[in-house]
RNA sequence: GCGCCCGUAGCUCAGUUGGUUAGAGUGCAUGCUUGACAUGCAUGAGGUCGCUGGUUCGAGUCCAGCCGGGCGCACCA
């Protein structure tokens, strides 16, 4: 008897097999050893690196599941499948979290603690969350090569960042410029467009007027009206703009107005793009330093006679500076000044009115405060066409667009290519500087140009010729320089970029009065390099270092791949092998699996930097998976209170169940709606979450008592997890879960029990001998054997097709249906008699039945073995557990494998040491037999019909019934050959079967297309009920007949539809007519 | 304003290039504690495929318009 528990115990399997896989090095992906004659082709997946901001959520779980599935599938197919793990420092997000925490808990700002201390605190945060993230991923079963784990701030990544920056700077692709950025006055940094969100606020819409002045600057008594939602920006106005075709104002173009607030005189200009005749008064104030449209207008006017100035009136903290031209406002917050400015304008009768208006206002996602458009010095990467100083033509955006246009990079689903192409098509320069402390510091040292500074650069090997500074020959270049235009103070700035690995040079520059730029790089600058940086680029001489801690875990492995793996002679084989290359001779493959919201920010930039640095695309496929929403259609997030921790789900349902369920969600079209609930801590009932739960907070009326839930089943009352406050300590708290994961749990348990049944019957027991390996030939197979092998081959093929298109939902559906509805419901049930050693009809018990049992065992094991392998990528812990248990008694299995003659269907092979590295099933197409499947369906239909009768007449399951069937002779012969299955599966003894069979009096009847069945019930039969049933059935068939007849009498259908379709309809009609005849006969008989 | 996705059973979703009578899980009803599994088995009820029009012999599927939901981009004096 087996020691397998009746229910699958996921926690035990998870604890056992993950460390096993790890210590046996099964996750490791290494380049082929030199001289390897049959190298495994590389398959590369680069993880979309999670931020170390916090723990992982369902979106990550979905993302990780998809990647692990593909990695495990490819690994079994024989690829050296690398899944590269790592995390992102996520500059602004992480710094904001730590700063907020510091403020809340200690009342400190970053300026209180200083740069170094803040960065140290963030490192501590990073250590904590990186650990948490990695453990979450591992508990899901992520088969990453953990030895290769990277962090975007580690040395390997830092080298790549430094070198890329240096390269781009030397090529003139990186430049410094003034730009309008979204300025977060609280964090005092620029925030990217994707880090701001719109929120409607109650605002005002003021109308003012400026007095016109004459050439001498005297008021003429005329005015021009305009409106604004931000009156304080009047201090920074440099023009008033009208539409050139606006007849109301054409006469005023070129005249000047006076800003009453500071006396500045500014021109009235014409710009058709900025001023809309239909809006407001038709005239608009122009504040280039604080409004994107005005800034665009300013740029359009540059170099024209109507060129206007640009005045930045804001300090970084959001107060007005001296540029505003009125000391009264200096140092005061912009919102305070707004009020004062309105009053001042009113005092000089230039304020004309105000109305309330809802105003969409950009807010910083990190500090939740309104952002100001703000002019500041920033670093940019040029995205459009560019010629390097060496004369090379570069167009970064175009190169990335071309890669997708010519299908070197392919999107799945294809429609996402347009998101990518549309965005890149704008070729907007990429702002890469951030006014933060957490990140890669910009490797630029600068100093005002002076003879001493130039002299120092000459000593470092620079040539200075007509304002251009260059450094030595290409081979040993490590410095690059540029000179900026004179700024407001009239001084030119020398900008020196130092390549990685020259601390002495940095020191020398520092000593000579050069200062390093205080800003850090945009997070996406480092993550853009992820695909090649993690593989060690730009070091082409050594393999990238491995994580010593992770290597130490693999204690069972012989030392070989030490942390210093590789040597200079071989070069960087990891990079050469795993970074994709086009036109691959070695069959390499790669895919990026991600969510749609970072197609532009990340995917596009990886392609672009990959092409720039490596001259090769970073991945061949991009799979974009759905997003997970809550039951109300909102995206899940911790702050909304609808975010589920995957680890909670894994604890409740098991990792396999979570993976399987998640994979079943991952289709091509829809986002996933995942209603969540709270698991009652006492009885485990799941209470659906309402929107009220999401927002509930302790109320003052209840004296600060925390909201609770009462379980409808056990009536217990509990607090629950929420982002709004912490539950009281030491009380049971309802965790957030989702009942939809029962889908996966039930499936895992079903498969577990199917395997349990199989294992029990494969071992020696009261029913006979245990499994023995031996070839099985075609003539030894029973009908159900041939059927299940036919189905198995089809299913394996379909799973491959689905996975190669990243349609995980289709793959899981196919496997579930096969496992549950075919393997369990039919195949296992049908072979039970053979496994029991029952003698088949016309067979004498004894030797014959022992042989029958042995063959059933061999086929059963072959199917189970394949199924375990097919499911391994989906439910790896379960499958490994089964694999290893099967190996205990069946180290050699009848692996499906056809021989040349096609006679030997199964021939035993030694099983792989672990399921994770077993060969992916590749089954003969010849097994697929549609004719056989059709015959089998007829058998199934008959059995269902008998069961149906049993259910209707409430016949006890144990009592046998008699079955008579009328059918044509060939169908009858078929039925008779499987007669014992009627008994086995429906407790129906086939009394008679043939063309001449008559319906006995007092029978329940059923009709199938090709046969009629009668079950004599004697007194039991309820004639009236039976009549009703048959009449209803007849009615249904008459409808179908009418439908078919209508079609066939339609001249154009018959002439225009394909012949096959017409023939099919004719066939259907004929079958239906036959069936109707049978039913009518039955009805006549009953009446 | 431009673009993309979605609307199919009470709920969550499948439905390949248009082709017989639209499927699954869950929930519901009825009956089953038979030796793999009650996280299970059997049987059943449940749908005007968002609406309107068009193309076609034939539309859940293709086209147009509308209604409803979601997302992205732009704009918002």
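Numbering (the numbering used here), first residue to last: 13 to 1099.
The C-beta atom is built at its ideal place from N, Cα and C for all residues, glycine as well.
**Item:** Segment contact, 8 Å Cβ cut-off, at least three pairs: the segment 249-263 with the segment 196-204
**Value:** no
**Prompt:** Which residue comes first and which comes last in the alpha helix (DSSP H) that contains residue 39?
**Reply:** Locating residue 39 in the first chain gives position 27, counting from the first residue. Looking at the DSSP string, residue 39 is not in any alpha helix (DSSP H), and its letter there is neither H nor E.
**Prompt:** Applying the criterion that 16 or more other CB atoms from any shown protein chain within 10 Å of the CB defines a buried residue, is residue 230 buried or exposed?
**Reply:** For the purposes of this step, residue 230 is identified with residue 218 of the first chain, where counting begins at 1. By the neighbour-count rule (16 or more Cβ atoms within 10 Å), residue 230 is not buried but exposed.
**Asked** Using the rule of at least 16 other Cβ atoms within 10 Å of the residue's Cβ for burial, across every protein chain shown, is residue 164 buried or exposed?
**Response** For the purposes of this step, residue 164 is identified with residue 152 of the first chain, where counting begins at 1. So residue 164 ends up on the buried side.
**Message:** Measuring straight from C-alpha to C-alpha, what distance separates residue 339 and residue 350?
**Reply:** For the purposes of this step, residue 339 is taken as the residue at position 327 of the first chain. For the purposes of this step, residue 350 is taken as the residue at position 338 of the first chain. Cα to Cα, residue 339 sits roughly 15 Å from residue 350.
**Item:** Short Cβ contact (8 Å threshold) for residue 763 with residue 890
**Value:** Along the first chain, read from residue 1 onward, the residue named residue 763 stands at position 751. Along the first chain, read from residue 1 onward, the residue named residue 890 stands at position 878. Yes; because the gap between Cβ atoms is below 8 Å, this pair is in contact.
**Message:** Only counting the same chain, and skipping five residues up and downstream in sequence, which positions put a Cβ closer than 7 Å to that of residue 447?
**Reply:** Locating residue 447 in the first chain gives position 435, where the first residue counts as 1. Excluding residues within five positions, the ones whose Cβ falls inside 7 Å are 200, 201, 202 and 531.
**Asked** From this set, 265, 104 and 797, which residue's C-alpha is nearest residue 225's C-alpha?
**Response** To locate residue 225, count along the first chain from 1; it is residue 213. Comparing Cα-Cα distances from residue 225 to each of 265, 104 and 797, the minimum goes to 265.
**Straight-line Cα distance separating residue 241 from residue 212** = Taking the first residue of the first chain as 1, we reach residue 212 at position 200. Taking the first residue of the first chain as 1, we reach residue 241 at position 229. The alpha-carbon atoms of residue 212 and residue 241 are separated by roughly 13 Å.
**Prompt:** In three-state terms, what does DSSP make of residue 224?
**Reply:** Position 212 of the first chain, counted from the start, is the residue given in the question as residue 224. In the structure shown, residue 224 sits in a strand (DSSP, three-state: E or B).
**Item:** Same chain, Cβ closer than 6 Å to residue 718, five either side skipped, listed in chain order
**Value:** For the purposes of this step, residue 718 is taken as residue 706 along the first chain, with counting starting at 1. If we look at residue 718 and ignore the five residues flanking it on each side, its Cβ neighbours are 710 and 731.
**Message:** Going by DSSP, what residue range makes up the beta strand (DSSP E) through residue 403?
**Reply:** As a working mapping, residue 403 is identified with position 391 in the first chain. Note, residue 403: premise wrong, no beta strand (DSSP E); not H, not E.
**Request:** Tell me, to the nearest whole angstrom, how far the beta carbon of residue 605 is from that of residue 79; I am working on the premise that it is less than 8 Å.
**Result:** Within the first chain, residue 605 is the residue found at index 593, counting from 1. Within the first chain, residue 79 is the residue found at index 67, counting from 1. Indeed they touch by this definition, with Cβ atoms about 5 Å apart.
**Prompt:** Looking at the unbroken alpha helix (DSSP H) that takes in residue 835, where does it start and where does it end?
**Reply:** Counting from one through the first chain, the residue named residue 835 turns up at place 823. Unbroken run through residue 835: none, as it is neither H nor E.
**Request:** Ignore the nearest five residues each way along the sequence and tell me which others in residue 614's own chain have a CB closer than 8 Å to its CB.
**Result:** Mapped onto the first chain, residue 614 falls at position 602. Within the same chain, residue 614 has close Cβ partners 60, 536, 539, 540 and 606.
**Asked** What are the start and end residues of the alpha helix (DSSP H) that includes residue 333?
**Response** Here residue 333 refers to the residue found at position 321 when the first chain is read from its first residue. No alpha helix (DSSP H) contains residue 333, which DSSP labels as neither H nor E.
**Request:** Express the C-alpha separation of residue 27 and residue 161 in angstroms, rounding to a whole number.
**Result:** Position 149 of the first chain, counted from the first residue, corresponds to residue 161. Position 15 of the first chain, counted from the first residue, corresponds to residue 27. Cα-Cα distance, rounded: 22 Å.
**Residue span of the beta strand (DSSP E) that contains residue 727, given as start and end** = Along the first chain, read from residue 1 onward, the residue named residue 727 stands at position 715. From DSSP, residue 727 is part of no beta strand (DSSP E); its letter is neither H nor E.
**Request:** Pick out whichever of 150, 34 and 425 has its Cα sitting closest to the Cα of residue 817.
**Result:** Numbered from 1 along the first chain, position 805 holds the residue referred to as residue 817. Nearest option by C-alpha distance: 425.
**Request:** Could you check if residue 1048 is buried or exposed, using at least 16 other CB atoms within 10 Å of its CB as the buried criterion?
**Result:** In the first chain, residue 1048 corresponds to position 1036, counting from 1. Exposed, since its Cβ has fewer than 16 Cβ neighbours within 10 Å.
**Message:** To the nearest angstrom, how far is the alpha carbon of residue 1097 from that of residue 977?
**Reply:** The residue given as residue 1097 occupies position 1085 in the first chain. The residue given as residue 977 occupies position 965 in the first chain. Near 16 Å, if we compare the C-alpha coordinates of residue 977 and residue 1097.
**Message:** Please report the distance separating the alpha-carbon of residue 968 from that of residue 997.
**Reply:** Within the first chain, the letter at position 956 stands for residue 968. Within the first chain, the letter at position 985 stands for residue 997. Their Cα atoms are separated by approximately 14 Å.
**Item:** Rounded C-alpha distance that separates residue 705 from residue 687
**Value:** Against the first chain, residue 705 aligns to sequence position 693. Against the first chain, residue 687 aligns to sequence position 675. Rounded to the nearest angstrom, the two C-alpha atoms are 13 Å apart.
**Item:** One or two residues paired with residue 375 in a DSSP bridge
**Value:** Sequence index remark: in the first chain, residue 375 carries index 363 (1-based). Answer is 209 and 382, bridged to residue 375.
**Asked** Considering only C-alpha positions, which residue in the set 253, 299, 849 and 831 is nearest to residue 861?
**Response** Walking along the first chain from the start, residue 861 turns up at place 849. With distances taken between Cα atoms, residue 861 lies closest to 849.
**Asked** Taking the C-alpha atoms as reference points, what is the distance between residue 920 and residue 1023?
**Response** Taking the first residue of the first chain as 1, we reach residue 920 at position 908. Taking the first residue of the first chain as 1, we reach residue 1023 at position 1011. Computed Cα separation, rounded: 41 Å.
**Three-state secondary structure (DSSP) of residue 574** = For this step, residue 574 is matched to residue 562 along the first chain. Caution applies to residue 574, whose pLDDT of 47 falls short of 50 and renders its modelled position unreliable; the value that the coordinates give is listed next. DSSP places residue 574 in coil when its eight states are reduced to three.
**Pair within 8 Å by beta-carbon distance, residue 336 and residue 247** = Position 324 of the first chain, counted from the first residue, corresponds to residue 336. Position 235 of the first chain, counted from the first residue, corresponds to residue 247. Their beta carbons are under 8 Å apart, which means residue 336 touches residue 247 by this criterion.
**Exposure label - residue 1073; buried when at least 16 CB within 10 Å** = Position 1061 of the first chain holds residue 1073. Exposed is the call here.
**Request:** Quick one: measure Cβ to Cβ for residue 127 and residue 449, integer angstroms, because I've assumed they're closer than 8 Å.
**Result:** The sequence position of residue 127 within the first chain is 115, counting from 1. The sequence position of residue 449 within the first chain is 437, counting from 1. Contact holds; Cβ gap of about 5 Å.
**Request:** Would you decide whether residue 796 is buried or exposed? Buried here means 16 or more other CB atoms lie within 10 Å of its CB.
**Result:** If you number the first chain from 1, residue 796 lands on position 784. Result: buried.
**Item:** For residue 95, the residue or residues it bridges with in DSSP
**Value:** One-based indexing of the first chain puts residue 95 at position 83. Paired residue(s): 57.
**Message:** Quick check on DSSP: helix, strand or coil for residue 1090?
**Reply:** Residue 1090 sits at position 1078 when you count from the first residue of the first chain. In this structure, residue 1090 counts as helix in the three-state DSSP scheme.
**Asked** Are the beta-carbon atoms of residue 141 and residue 67 separated by less than 8 Å?
**Response** Position 129 of the first chain, counted from the start, is the residue given in the question as residue 141. Position 55 of the first chain, counted from the start, is the residue given in the question as residue 67. Cβ distance < 8 Å, so residue 141 and residue 67 count as in contact.
**Request:** Drop a sphere of 10 angstroms on the beta-carbon of residue 1091, count the other beta-carbons inside from all chains shown, and report buried for 16 or more, exposed for fewer.
**Result:** Position 1079 of the first chain, counted from the first residue, corresponds to residue 1091. Label assigned to residue 1091: buried.
**Asked** If you draw a straight line from the C-alpha of residue 76 to the C-alpha of residue 93, how long is it?
**Response** To locate residue 76, count along the first chain from 1; it is residue 64. To locate residue 93, count along the first chain from 1; it is residue 81. Computed Cα separation, rounded: 15 Å.
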